[in-house]
Amino acid sequence: MIVKKRASGFHGTYLAGFLRAHNVDTVIITGVTMAGCVRHTTEDAIAEGFRPIVVREAVGDRVPAVTEWNLFDIDAKFGDVEPLDNVLHYLENLDTSN
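Numbering (numbering that gives the first Met the number 0), first residue to last: 0 to 97.
Spelled out as C-alpha cells, the structure:
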C-alpha cells in the first residue's frame, strides 16, 4: 500500500520508483476528485515519464462540468482519456510475459 498525503499519488510517495522497478510504463487512473487528485496524479504521471490513461466512467467531481472540462484538458495535454470498454480491452490484451 502506498499512502499519499497530497492530491497526487506520486508527490511525496515512492510510487514512481515502485512502478519503474516493476517495468511499468502506463498508469490507469480512476477516482475522485477530478480537479484535484485525479488531475494532479495524471500530471505527475506524465512528468515522471509514464503514460497516463484516465478512465472516463471512473472519475468524478462535485460538479459534472468540472469533470468534463478536466477530461477535455487532460486529453488535450497530459494523457489519454478512454472509455471503460477500451481500457478493459487494453488490459485483456497486455503481454505480461516479461
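Positions of the beta carbon are idealized from the N, C-alpha and C atoms, including for glycine. None of the values given here were measured: they were computed from a predicted structure.
A distance below 6 angstroms between beta-carbons, with the five flanking residues on each side excluded, links T32 to the following residues of its chain, in chain order: D60. Here T66 is buried, its C-beta having at least 16 other C-beta atoms within 10 Å.
In the pairwise beta carbon analysis, the stretch 3-23 is classified as not touching the stretch 78-86: fewer than three pairs are separated by under 8 angstroms. Shown here, E47 sits in coil according to DSSP, grouped into three states, outside any helix or strand. Residues of the same chain with a CB within less than 6 angstroms of the CB of K3, apart from the 5 flanking positions on each side, are T12 in chain order. Residue pairing by DSSP places I27 opposite I52 in a beta bridge. Note on R19: under 16 other CB atoms within 10 angstroms of its CB, so exposed under the neighbour-count rule. Distance from the CA atom of A6 to the CA atom of T29, rounded to whole angstroms, is 13 angstroms. Distance from the Cα of Y89 is smallest, within the candidate group A64, D43, L14, I52, for I52. Between G8 and D43, the CB-CB gap stays under 9 angstroms.
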